[in-house]
Amino acid sequence: MVQAIVGANWGDEGKGKITDMLAEKADIVVRFQGGANAGHTIINNYGKFALHTLPSGVFYDHTTSVIGNGVALNIPLLIKEIQNLVDRGVPMPHILVSDRAQIVMSYHILLDAYEEERLAGKSFGSTKSGIAPFYSDKFAKVGFQVSELFDEDTLKEKAQRICELKNPLLEHLYHKPLLTVEGILAELHGYRDQISPFVGDTGAFLEKALKEGKTVLLEGQLGTLKDPDHGIYPMVTSSSTLAGYGAVGAGVPPYEIKRIVAVSKAYSSAVGAGAFVSEIFGEEADRMRNHGGDGGEYGATTGRPRRMGWFDCVASKYGCQMQGATEVAFTVLDALGYLDEIPVCVGYEIDGEVMTDFPTTVKLEKAKPVLETLPGWKCDIRGIRKFEDLPENCRKYVEFIEKQIGFPITMVSNGPAREDIIYR
């Protein structure tokens, strides 16, 4: 059976913890899209970790961690991440990297930074990890696939083509140093040596595992609203963040995906630019940011302060619909214990009309939140393990949101540790 864990919102919903928890009962955990531009924070007996490429199953010796063909593979960062785990006492994980995955090159990262610099105030808020240039090259069919590292003629021919394509841009648009064939080949040879112990046919591996009745967990990065088709385009990422793409990015049949857990936070947060209707600012946002998460709401990759807002029922309902959620994991509920009352966004007002369906970006930019205020519970709920033991107003908050979004909330996370979870 295949299960998917995906974000219902802008990313940063606490998926790492939920994946880590469900990975305990899984045989294989697969990253199926995105690159090292976002991170999952995990707290366990080994300490606190921010994972960027590795799936969240790497802490278990019974799991195989797969980097799927849909991933933007930054090889030096992956190797560094593996080394960091081992250095901190984690047993060497079982890792398999798809021979069909494509490689993030150093020039992708440079081009990402150059373009953000050129756009200045109109930039996309990129993490400058090379993700947009990488996927642009993948779909322009000039990217390097891992399997190609082992064919020297192919590498030489493609390195030549890259120089012909990129150097006019570097020279005339960005006024930056040019690429050389020798430089590109040297980089690729280094990558070949680093990645070769991990490379394999992950499609065949997963097919065999499913025939043997193994449990496969697909782990998504970011969330619905960062999807290039269904998100807040153009302020989105460059690969699909939806569970449906898991079939493509991992190479498994779509009908095998039986369970889709959409993760949503008890309030809203986002990193990067783009429409964010329920956003709050100033002191109000600072208070929430410092109560939120473990150690505050700051990006796992960039360290940037996340933008904060009230829970958005319109965006979350849409997020769960697009993911095809079979259930919702509701995270960081403990962070709201300081509030006397808690506003919730239940609709958008656009040009004088209230709507509860999530609109396209042009309309979204004009939307004002329609808020309904619920009473707070004013106490610390960490350590509680049963839903009925939560304060009444806390239970009512969860039930209100569940009704608004129309998807069952089956898990409530009320603390950063693996055991801080309430099953309903």
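Whatever position you read off the sequence shown (first residue = 1), add 61 for our numbering.
Every residue gets a Cβ at the ideal spot worked out from N, C-alpha and C, and that includes glycine.
| Asked | Found |
| --- | --- |
| 8 Å Cβ cutoff met for CYS440 and GLY476 | no |
| Whole-angstrom distance between LEU210 and CYS406, CA atom to CA atom | 50 Å |
| Start-end ranges of the beta strand (DSSP E) lying completely within the stretch 307 to 356, minimum 3 residues | 318 to 326 and 329 to 331 |
| Supposed contact pair ILE140 and ILE156 - C-beta distance, whole angstroms, cut 8 Å | About 10 Å separates the two Cβ atoms, so there is no contact after all. |
| Buried/exposed call for TYR458, threshold 16 Cβ in 10 Å | buried |
| Exposed unless 16 or more other CB atoms sit within 10 angstroms - verdict on ASP212 | exposed |
| Three or more C-beta pairs below 8 Å linking the stretch 258 to 267 and the stretch 294 to 314 | yes |
| Any non-hydrogen atom of the ligand HEM within 7 Å of SER339 CB | Questions concerning the ligand HEM fall outside what the structure shown contains, since it holds no ligand whatsoever. |
| Given ASN98 as reference, the closest of ILE79, VAL67 and GLY191 once Cα atoms are compared | GLY191 |
| Residue(s) in a DSSP beta bridge with GLN206 | GLN163 |
| Whole-angstrom C-beta distance between TYR306 and GLN94, which should lie under 8 Å | 6 Å |
| Euclidean distance between Cα positions of GLY131 and GLY413 | 42 Å |
| Neighbourhood of ALA220 by C-beta distance below 8 Å, restricted to the same chain and skipping five residues each side | VAL242, ILE245, LEU246 and LEU249 |
| Presumed contact (8 Å Cβ cut-off) between SER208 and ASP148, rounded CB distance | No, SER208 and ASP148 are not in contact; Cβ-Cβ is about 30 Å, not under 8 Å. |
| Alpha helix (DSSP H) segments (min. 4 residues) lying fully within the stretch 369 to 418 | 374 to 384 |
| Contact belief for GLU388 with VAL431 at Cβ below 8 Å, rounded distance in angstroms | That pair is no contact at about 27 Å. |
| Of the residues PRO404, ILE341 and CYS455, the one placed nearest ASP395, counting alpha carbons only | CYS455 |
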